[in-house]
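Asks:
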Amino acid sequence: MHKAGFEWNFGTPQTISPPLRTIATIPPRPFKPLISDTEPSEPMDSEDTEVLITPKSYDYETTWKSEAEEEDRGIGFIALDGRSSIVNPSSSRVTLHVNQASGTVAKGLRKVKELDLRRYGKMVGLSLRNHVLAVASYSYGTVGLIEPDSMHMLAELVCEGCNLFDLDIMPSGDVVAVDSKREKVIKLRTNGQRIAERHVHGANKGISVCGNGRIYTLSDVTGSVRILDQYLNHVGKITVPSMDKHQCKYVHCRQDIIYISCNSAIFVVDIKAERAFTINAPTSGAYGTGISNDDTGRIYVARRGTGSMDVYHNDGRYEKTLSASQQILWSDIAIEDENVYAIDYIGSKVVHYIRE
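Going by the numbering used here, the sequence shown opens with residue 399, and the numbers climb by one from there.
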């Protein structure tokens, strides 16, 4: 057990890049106590801290990717609810990286059910624990608790004035969420009572809870992971060199291993062994969306601008890519046994798939 107030700074982590997919052992580095409680200066405001993609606005600049050909920028179409809308690069705010290779043909994923949550507006974060799905509304601060088999809504919590990027469920059943506009971590009871909140400098992206109750919050501004206890007290920080350059957005913790999804890489941090390595994305900007894993330690990371995900072995070796049958955009994913749950960001839906 590490003492409160530690700061863990890695040396340069081992990088795994296609096609090598090899990993070297990283010498353990000890935890270091914080020299000062002084916080770094506040980061500059960034549009990306507020907007990932604007739903129901189809003016996107799209960079088409093909695994067989060179990159080619052009105008394309995005389908939504049976309609198609032309992509207009001149008025776009966000670049979508659309992987043509995945197309609309299912590969390894079969859709079972979906829950339409268009009334939630923009949804980004998803969590699964104790057989309960939790989804957060960035637009309205609503948290939906869902029974994953039937996809029926169990309860809805409202965080007034919140813009929730991500959330997770504590072992106690309480919900913790990140208000990315205000850099706050907020804790809610399942009856909707807001029992605690804390400003955490740079906490504007993903959040995850480990089995020991420690809370890990991610900042794409500072390139670090802040660690809180169950009462939202700051107990430490993890910094990995170069992570601040990769625009990291999602974090997932399981059995003392942290998985971080960044635009161009995955960072895997083994807290207990005090080691880390990175997996380079197959193309620049391919990741930076949801990440999860299963009981075998396999890593699942959603591919930006698609309804597909890459699967890696726990040592970083690429295994396969799984794709859904629809041309949709996933933001976050959660894995349980053969079940895959994903947020259809454009359609504002939670979708349940089975891995086949």
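Every residue gets a Cβ at the ideal spot worked out from N, C-alpha and C, and that includes glycine.
Should Leu552 go down as buried or exposed, given a rule of 16 or more other Cβ atoms within 10 Å for buried?
Replies: The residue in question, Leu552, is exposed, as its Cβ has fewer than 16 Cβ neighbours within 10 Å.
Asks: Suppose you measure from the CA of Glu754 to the CA of Asp692; what does that come to, to the nearest Å?
Replies: Glu754 and Asp692: Cα-Cα distance of roughly 15 angstroms.
Asks: Just the Cα atoms here: how many angstroms apart are Val738 and Ala700?
Replies: Their backbone Cα atoms lie some 11 angstroms apart in a straight line.
Asks: Is it buried or exposed for Gln645, if we count other Cβ within 10 angstroms and need 16 for buried?
Replies: Under this definition Gln645 is a buried residue.
Asks: For Pro546, which residues of its own chain have a beta-carbon under 6 angstroms away from its beta-carbon, when the five flanking residues on both sides are left out?
Replies: Answer for Pro546: Leu531, listed in chain order.
Asks: Is it the case that the Cβ atoms of Val556 and Leu565 are separated by a distance below 8 angstroms?
Replies: In this structure, Leu565 does not lie closer than 8 angstroms to Val556 by Cβ.
Asks: For Gly745, which option in Arg508, Lys509, Leu513 has the closest C-alpha, if you only look at C-alpha atoms?
Replies: Selected option, being the one with the closest Cα: Leu513.
Asks: Report buried or exposed for Ser578, applying the criterion of at least 16 other Cβ atoms within 10 angstroms of its Cβ.
Replies: So Ser578 ends up on the buried side.
Asks: Please classify Gly593 as buried or exposed, where buried requires at least 16 neighbouring CB atoms within 10 angstroms.
Replies: The amino acid occupying residue 593 in the given sequence is Ile; Gly does not appear at that position. Flag for Ile593 reads exposed.
Asks: Do you know how far the Cα of Ser606 is from the Cα of Gly669?
Replies: It should be noted that the sequence gives Ile, not Gly, for residue 669. Distance between the alpha carbons of Ile669 and Ser606 is about 14 angstroms.
Asks: Decide yes or no for the touch test of the segment 671 to 690 against the segment 703 to 715: beta carbon pairs closer than 8 angstroms, at least 3 of them.
Replies: They touch, by the three-pair rule.
Asks: Report buried or exposed for Asn602, applying the criterion of at least 16 other Cβ atoms within 10 angstroms of its Cβ.
Replies: It counts as buried.
Asks: For Lys509, does the three-state DSSP call read helix, strand or coil?
Replies: Strand.
Asks: Thinking just about the alpha-carbon of each residue, which of Gln591, Cys560, Asp735 is nearest to the one in His529?
Replies: Comparing Cα-Cα distances from His529 to each of Gln591, Cys560, Asp735, the minimum goes to Asp735.
Asks: Hey, how far is the Cα of Ala722 from the Cα of His650?
Replies: Each residue's Cα considered, the two are about 22 angstroms apart.
Asks: Let me know the secondary structure DSSP gives Arg592 once reduced to three states.
Replies: Of the three classes helix, strand and coil, the one that applies to Arg592 here is strand, per DSSP.
Asks: At the level of alpha carbons, what is the spacing between Lys635 and Gln653?
Replies: Cα to Cα, the separation comes out at about 18 angstroms.
Asks: With burial defined as no fewer than 16 other Cβ atoms inside 10 Å of the residue's Cβ, what is the status of Lys718: buried or exposed?
Replies: Counting Cβ neighbours within 10 Å, Lys718 comes out exposed, since fewer than 16 surround it.
Asks: With a threshold of 16 other CB atoms inside 10 Å of the CB of His750, please say whether the residue is buried or exposed.
Replies: So His750 ends up on the buried side.
Asks: Using a Cβ-Cβ cutoff of less than 6 angstroms, which residues in the same chain neighbour Arg527 once the five nearest sequence positions on both sides are dropped?
Replies: So the qualifying residues of the chain are Ile567.
Asks: Can you give me the Cβ contacts of Ser662 inside the same chain, cut-off strictly under 6 angstroms, excluding the 5 residues immediately before and after it?
Replies: So the list reads His644, Ala679, Ser682, once near-sequence residues are dropped.
Asks: If we ignore side chains and look at the alpha-carbon of each, how far apart do Lys582 and His632 end up?
Replies: Taking the straight line joining both Cα atoms gives about 12 angstroms.
Asks: Figure out for me which residue from Gly571, Ser617, Thr588, His550 has the closest Cα to the Cα of Arg580.
Replies: Ranking the options by Cα distance to Arg580, first place goes to Ser617.
Asks: Suppose you measure from the CA of Gln356 to the CA of Met707; what does that come to, to the nearest Å?
Replies: Within the shown structure, residues of the chain are numbered from 399 to 754, placing residue 356 beyond reach of any answer.
Asks: Which class does Arg580 belong to by DSSP, given the choice of helix, strand or coil?
Replies: Coil.
Asks: Below 8 angstroms on the Cβ atoms is my guess for Val522 versus Asp730; work out the distance and round it to an integer in Å.
Replies: That belief holds up - the Cβ atoms of Val522 and Asp730 are roughly 6 angstroms apart, short of 8 angstroms.
Asks: Can you tell me whether Met624 is buried or exposed, with buried defined as 16 or more other CB within 10 angstroms of its CB?
Replies: Note on residue identity: the sequence assigns Arg, not Met, to residue 624. So Arg624 counts as buried.
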